[in-house]
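Peer 1: In full-length UniProt numbering, the protein residues as written are 1 to 139.
One structure coming up, written as structure tokens, with questions to follow.
Right, here's the structure in full:
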């Protein structure tokens with residue numbers, strides 16, 4: 001059984017998981033021997049206890065023999081959710097309507113935060129530029 005099938009099997013055994021994706025290097029087929037596996041899940045329950053989260057993470061790592069970065073989509077940053085849906089590989093969905101609605105919400109959320117991200121990045125670049133200028137003047 002390949003690694004994605006192993007992941008799918010583990011996740012399907014958890015009734016609380018509505019849909020799941022693999023994203024990152026495994027989805028882009030750019031993984032290396034040392035790559036971790038990025039997995040995103042959406043749950044019926046909005047929150048997951050620390051114990052349940054760690055238990056699932058350890059179970060996935062035991063099955064795959066790889067480090068797992070487990071993302072809970074219900075709680076994820078808009079940028080991460082967007083990456084999952086743009087580059088990810090869907091493993092399964094128990095409710096395609098809920099998944100589609102969540103994707104639409106993610107697009108709106110991503111677009112709503114886009115201008116704030118751009119402003120933040122532009123401010124960071126300007127601050128770094130000034131620091132470099134000041135450092136070169138001090139020498």
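From the three backbone atoms N, C-alpha and C, an ideal C-beta is built for every residue, glycine too.
Here the structure is a predicted model, which means the values were calculated and not measured.
Counting C-beta neighbours from all protein chains within 10 Å, is the total for residue 51 16 or more, i.e. buried, or is it exposed?
Peer 2: That one is exposed.
Peer 1: For residue 98, which residues of its own chain have a beta-carbon under 7 Å away from its beta-carbon, when the five flanking residues on both sides are left out?
Peer 2: The answer, listed in chain order, is 18.
Peer 1: Between which two residues does the alpha helix (DSSP H) carrying residue 93 extend?
Peer 2: Premise fails: residue 93 lies in the beta strand (DSSP E), 89-93, not in any alpha helix (DSSP H).
Peer 1: Please classify residue 112: does DSSP put it in a helix, a strand, or coil?
Peer 2: The answer is helix: DSSP assigns residue 112 an H, G or I state.
Peer 1: Which of the three DSSP states, helix, strand or coil, is assigned to residue 3?
Peer 2: If DSSP states are grouped into helix, strand and coil, residue 3 belongs with the helices.
Peer 1: Determine the direct distance from the alpha carbon of residue 38 to that of residue 63, and round the result to whole angstroms.
Peer 2: Using only the alpha carbons, I get a separation of about 14 Å.
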